[in-house]
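Heads up: the structure comes next, in structure tokens.
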Amino acid sequence: MILRLVIYLFIAFSILNGWWLVALPLLIFGIWKYSFNLEILVTGVVYDALFGMIPGTGWRGYIGTISAVIILIALNILKRLIR
Amino acid sequence: MMYIRTSSRPAERRKRTIGMIGGGILIVVIFIQIFAPHFLPAIFTTIARPFWRMEFSVASGSLNSPAALLAQNQVLKLQLQEIMSEDISADVVRAQNAELMSLFGRVVANPSISSGTSSATISTSSLATSSDVSTSPTYKMADVVNNGRVLAAVLVRPPLAPYDEFVIDAGSNEGIAVGAKVYAPGNILIGNATDVMSESAKVTLLSSPGQNYPVIIGPNHISTIAIGRGGGQYEAQIPQATAVAVGDAVTDTSLSDGVFGKVISVLNNPADPFETVLFAPSINVYQLRFVLVEPSNSLNIVNITKPVVPVKPTTKSTSSTSTKVKK
Numbered sequence: 006m007i008l009r010l011v012i013y014l015f016i017a018f019s020i021l022n023g024w025w026l027v028a029l030p031l032l033i034f035g036i037w038k039y040s041f042n043l044e045i046l047v048t049g050v051v052y053d054a055l056f057g058m059i060p061g062t063g064w065r066g067y068i069g070t071i072s073a074v075i076i077l078i079a080l081n082i083l084k085r086l087i088r
Numbered sequence: 002m003m004y005i006r007t008s009s010r011p012a013e014r015r016k017r018t019i020g021m022i023g024g025g026i027l028i029v030v031i032f033i034q035i036f037a038p039h040f041l042p043a044i045f046t047t048i049a050r051p052f053w054r055m056e057f058s059v060a061s062g063s064l065n066s067p068a069a070l071l072a073q074n075q076v077l078k079l080q081l082q083e084i085m086s087e088d089i090s091a092d093v094v095r096a097q098n099a100e101l102m103s104l105f106g107r108v109v110a111n112p113s114i115s116s117g118t119s120s121a122t123i124s125t126s127s128l129a130t131s132s133d134v135s136t137s138p139t140y141k142m143a144d145v146v147n148n149g150r151v152l153a154a155v156l157v158r159p160p161l162a163p164y165d166e167f168v169i170d171a172g173s174n175e176g177i178a179v180g181a182k183v184y185a186p187g188n189i190l191i192g193n194a195t196d197v198m199s200e201s202a203k204v205t206l207l208s209s210p211g212q213n214y215p216v217i218i219g220p221n222h223i224s225t226i227a228i229g230r231g232g233g234q235y236e237a238q239i240p241q242a243t244a245v246a247v248g249d250a251v252t253d254t255s256l257s258d259g260v261f262g263k264v265i266s267v268l269n270n271p272a273d274p275f276e277t278v279l280f281a282p283s284i285n286v287y288q289l290r291f292v293l294v295e296p297s298n299s300l301n302i303v304n305i306t307k308p309v310v311p312v313k314p315t316t317k318s319t320s321s322t323s324t325k326v327k328k
């Protein structure tokens, strides 16, 4: 539980600074290690709210959220196949 | 014999619950974005702003010792004096330009857009102590609000971002509207405000992939469209055999002479009727700490989809204009 909390503090700090390259491996690790990791959705939404969601940019303003959904679904399927 | 039933029902129920929560989050986000598109950005930006400001303050040296700050202040004052003395010659040229333009009946909007001086003054004033700001005429807040442009701190700039943009600490409270031009110190046009909140705004760089902007290249005033390549880099296509060389200046098409950058490379393929010009601003946009924002909607971004056909070189039009003047 503490490790999970530490990971998400790092993720929150990374997202505040827009360091998605740091946040992404941590999120993938979180999804892999823990079951039902919905935090990635929240992270995607927060990332888009901070840096995206610009009117007129269409779906490109939601790259974070869309990527989060795809990664979450893909990793959960992969986990089910492997385990 | 008794067997313990290995039921997966609780796990399945948990899966279903969490799946519903996930789906619920997405549906709520979609609804909010449809009916109040600024709601989520405003909330999360408000939460993040104190952290960004704290980081900015630490990066700006607010934790340095007073002695170090005073020493830095002195050095910057000396640099400012040097720059101001160098700027006198530029002022003469600027005044001459304004005079010539007025002879041709053109009203100069910002006759005293001071590039080096303004940036240096702003940088210095930002580092000066509060007493300097209030007493010394050199460090008035009038310098901060420069020629109608608002000074804004760059709070965050995502590296390697899918969103090639800045978040600045000035918003609609400072009179900034969507489309406001954003300049780097040195009168270098770098972007425009694309999403404005009360105390912050998102600035999309003109060098962002997909952005287009009309520019003029070189001493022959070749008109073309600058296409953003990301990372502060631009490219433009011009017809072959046009005299563009590395180091040529690239400017805005308006009379304010907003500098875009300098040509860094010309890619010439003899089989291609066009040559590709790569250019970049003389400053690193990712190292900027302050920008100047012009509160207006006058940015003439053009939406051009591929293929981009460059505008004909204006050498002809220039010559025609000059012949008209001669007549």
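These protein sequence lines map, in sequence, to chains V and F.
Under the working numbering, the final residue of the first sequence carries the number 88; numbering is consecutive throughout.
Under the working numbering, the final residue of the second sequence carries the number 328; numbering is consecutive throughout.
Just so it is clear, CB atoms sit at the ideal spot from N, CA and C, and this is done for glycine as well.
Predicted model, so just to flag it, every value in this text is computed and none were measured.
Boundaries of the alpha helix (DSSP H) harbouring P67/F: 67–104, taken from the DSSP string. Residues of the stretch 184–197 of chain F that bring their beta carbon within less than 7 Å of a beta carbon in chain V comprise T195, D196, in sequence order.
For D53/V, the secondary structure class from DSSP, reduced to helix, strand or coil, is helix. T243/F sits in coil when the DSSP states are folded into three classes, being neither helix nor strand.
DSSP, reduced to helix, strand and coil, places T18/F within a helical segment of the structure shown. The beta carbon of A153/F lies closer than 6 Å to those of I169, D170, A171, V292, V294 in the same chain, with the five residues before and after it left out. When Cβ-Cβ separations below 8 Å define contact, Y287/F makes no contact with chain V. Beta-bridge partners of F52/F (DSSP): none assigned.
Under a criterion of Cβ atoms nearer than 9 Å, the residues of chain F adjacent to P60/V are, in order, P38, H39, V179, T195, D196.
Nearest C-alpha to A244/F among G262/F, F275/F, G231/F: F275/F. For I26/F, the nearest beta carbon of chain V is closer than 8 Å to its own beta carbon. G23/F has a beta carbon lying within less than 8 Å of a beta carbon in chain V.
For A244/F, no Cβ of chain V is located within less than 8 Å of the residue's own Cβ. If you look at I223/F, you'll find it in the beta strand (DSSP E) that goes 223–231. Counting only the Cα atoms, V11/V lies some 27 Å from R17/F. Short of 6 Å from the beta carbon of A43/F, and not among the five residues preceding or following it, lie these beta carbons of its own chain, in chain order: M198.
Distance between G232/F and Y67/V, taken at the CA atoms: about 21 Å. Straight-line spacing of the CA atoms in S90/F and Y164/F works out to 40 Å. If you draw a 10 Å sphere on the C-beta of M58/V, you find 16 or more other C-beta atoms in it, and that means buried. Per DSSP, T70/V is one residue of the alpha helix (DSSP H) stretching across 68–87. Rounded to whole angstroms, the separation of the alpha carbons of I71/V and R158/F is 22 Å. Between the stretch 283–290 of chain F and the stretch 265–275 of chain F, the count of Cβ pairs shorter than 8 Å is below three; the stretches do not touch. Look at the beta carbons and you see the stretch 22–35 of chain V not touching the stretch 15–31 of chain F: under three pairs across the two are nearer than 8 Å. With fewer than 16 other beta carbons inside 10 angstroms of its own, W64/V counts as exposed. Counting the other Cβ atoms within 10 Å of the Cβ of V76/F gives fewer than 16, which makes it exposed.
Bridge pairing for F32/F: absent [DSSP]. The alpha-carbon of L43/V is positioned some 26 Å away from that of T62/V. Taking 8 Å as the CB threshold, P42/F lines the interface with chain V.
The beta-carbon distance between Y214/F and F280/F, rounded to whole angstroms, is 12 Å. This is too long to meet the 8 Å contact definition. Under a 10 Å Cβ-count criterion, R95/F is classified as buried, with 16 or more other Cβ atoms of the shown protein chains found around its own Cβ. For the options A49/F, N188/F, G25/F, V247/F, the alpha carbon positioned closest to that of S255/F is the one of N188/F.
Within the model, the alpha-carbon separation for E175/F versus E200/F is close to 8 Å. The beta carbon of V216/F sits closer than 6 Å to the beta carbons of A227, V251, F261 from its chain, once the five residues preceding and following it are set aside; these are given in chain order.
Exclusion of the five residues before and after G219/F leaves V245, D249 as the residues of its chain whose Cβ lies within less than 6 Å of its Cβ.
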